[in-house]
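Below: the structure, in structure tokens.
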Amino acid sequence: MKLILACFVLVLRTMPLLAVDPAPLPKVMREAKKAYVVNTGIEPKTFDHVYDQLKKWGHWQLVDEANQADVIVVASSQNTFLGVANLGSVGSATATATTYGNVTTVHSNGNSSNILMPLVSQHRYLGVVAPKTGRVLTTVDCLPREINGAARTGKILVDRLRGRFPKAER
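Numbered continuously in our numbering, the sequence shown closes out at residue 205.
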């Protein structure tokens with residue numbers, strides 16, 4: 036048990052050595068002071084958490100009008116249909132028998148149905164766009180979280196966006 040604990044501590048201590056500083060961000064994004072945040076498709080509750088996390092981060096002043104912003108932060112989603120999983124079939128049958136003297140009459144009926152489950156990938160995105168050119172400067176994504184869904188999804192998106200900045204600016 037002590038050996039496992041020692042290995043775990045060693046791994047945790049060496050993790051920062053494996054971390055890499057991200058590639059440089061475009062100049063427009065590095066020098067931006069004001070940001071306009073817009074929702075183009077994620078759930079309103081998740082968007083509220085994204086907005087709240089951006090305010091807490093405080094890297095940009097959040098403005099109410101796009102024409103006042105140096106960058107636009109776009110929250111969006113994409114649900115992709117991947118196919119269908121067939122989980123098998125369920126069947127049922129019933130039968131009744133009635134005897135009249137020497138003759139037995141049997142009535143039966145049965146049915147069967149497949150259990151099909153759609154497979155969907157549900158990505159949520161945060162993109163940073165230069166308003167003058169419409170060029171996407173960077174994008175981060177994550178899958179919606181099941182536990183504390185909206186809050187965790189919003190926090191993860193903003194944390195991943197922060198992670199794109201140099202350590203000194205996070």
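Idealized CB from N, CA, C, for every residue including glycine.
| Item | Value |
| --- | --- |
| Three-way DSSP call (helix, strand, coil) for residue 84 in this model | helix |
| Local conformation of residue 107 per DSSP, three classes | strand |
| For residue 248, the residue or residues it bridges with in DSSP | Any question about residue 248 goes unanswered here, given that the chain covers just 36 to 205. |
| Same chain, Cβ closer than 7 Å to residue 197, five either side skipped, listed in chain order | 92, 205 |
| Closest by C-alpha distance to residue 192, when choosing among 70, 181, 81, 64 | 81 |
| CA-to-CA distance, residue 78 to residue 65, given in whole angstroms | 28 Å |
| Nearest candidate by alpha-carbon position, reference residue 159, set 108, 188, 119 | 188 |
| Spatial neighbours of residue 71 in its chain, beta-carbon cut-off 6 Å, leaving aside the 5 residues before and after | 98, 101, 104, 107 |
| Range covered by the beta strand (DSSP E) that runs through residue 174 | 171-177 |
| Local conformation of residue 168 per DSSP, three classes | coil |
| Collapsed DSSP secondary structure at residue 150 in the structure displayed | strand |
| C-alpha distance - residue 186 paired with residue 115, whole-angstrom precision | 23 Å |
| Counterpart residues of residue 183 in DSSP-defined beta bridges | Paired residue(s): none; residue 183 is not in a bridge. |
| Between the CA atoms of residue 86 and residue 174 - distance to the nearest angstrom | 16 Å |
| Euclidean distance between Cα positions of residue 152 and residue 119 | 6 Å |
| Straight-line gap, residue 184 to residue 84 (C-alpha atoms, nearest Å) | 10 Å |
| Exposed unless 16 or more other CB atoms sit within 10 angstroms - verdict on residue 203 | exposed |
| Selection from 155, 94, 182, 117 that minimises the alpha carbon distance to residue 194 | 94 |
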